[in-house]
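Remarks on the structure that follows.
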Amino acid sequence: MLTSDQTALLMIDVQGKLARTVSDSGRVLTNLEKLARGARLFGLPVIVTEQNPRGLGPTIPEIQKLLGDFAPIEKTAFNACGDPSFAGRIRETGRKQILVCGIEAHVCVYQTVAGLVDLGYEVQVAADAVSSRTPENRQT
35 MLTSDQTALL
45 MIDVQGKLAR
55 TVSDSGRVLT
65 NLEKLARGAR
75 LFGLPVIVTE
85 QNPRGLGPTI
95 PEIQKLLGDF
105 APIEKTAFNA
115 CGDPSFAGRI
125 RETGRKQILV
135 CGIEAHVCVY
145 QTVAGLVDLG
155 YEVQVAADAV
165 SSRTPENRQT
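The sequence shown begins at 35 in our numbering and counts up one residue at a time.
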């Protein structure tokens, strides 16, 4: 079970046009906003990644507004765990439980979750706050 003193929220690649074109984007974005609000309410550290933001755009304004002052981690690999700045940021939280949400479920979310598990973290995916461009890819 996740506990507020051991959990960090990881928002993966909720950015640019992609966030609005994924399957069931309205529901997913609403749930992402709820997670951002909940993280602030419970004082959870929030880590945000952006895949190639020069090409895909920054984190969407709705999430930026809810998170306030945040420093997204730019990445070019699907698995964020391979990036030393990401691994360091996760470690700096001192949390062992990671609640994951974001885009795309079958690529960046999946590979980062696998990487976190390999590093010894307890990982939970907020299933109603992840998506991919197609429903089939989300279910993969």
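Beta carbons: idealized from backbone N, C-alpha and C, even for Gly.
Check, Outcome
"Can you list, in chain order, the stretches of the beta strand (DSSP E) that have 3 or more residues and sit fully within the stretch 102-169?", "107-109, 131-137, 156-165"
"Rounded to the nearest angstrom, what separates residue 148 and residue 37 at their Cα positions?", "21 Å"
"Along the beta strand (DSSP E) that carries residue 80, what are the first and last residues, could you check?", "80-85"
"Report the option in 100, 126, 153 whose CA atom is closest to the CA atom of residue 72.", "100"
"When DSSP labels each residue in this structure, what does residue 97 get in the three-state scheme?", "helix"
"Identify, in the order they occur along the chain, each residue of the same chain with its Cβ nearer than 7 Å to the Cβ of residue 167, setting aside the five sequence neighbours on each side.", "55, 56, 57, 138"
"With residue 94 and residue 49 assumed to form a contact (beta carbons below 8 Å), what rounded beta-carbon distance in angstroms separates them?", "6 Å"
"Can you grab the Cα-Cα spacing for the pair residue 160 / residue 90, in whole Å?", "23 Å"
"Thinking C-beta only, is residue 43 closer than 9 Å to residue 142?", "no"
"Among 79, 77, 111, 70, which has the Cα closest to the Cα of residue 87?", "111"
"Please return the same chain residues whose Cβ sits closer than 8 Å to the Cβ of residue 107, not counting the five positions on each side in sequence.", "81, 82, 83, 84, 114, 117, 119, 120, 123"
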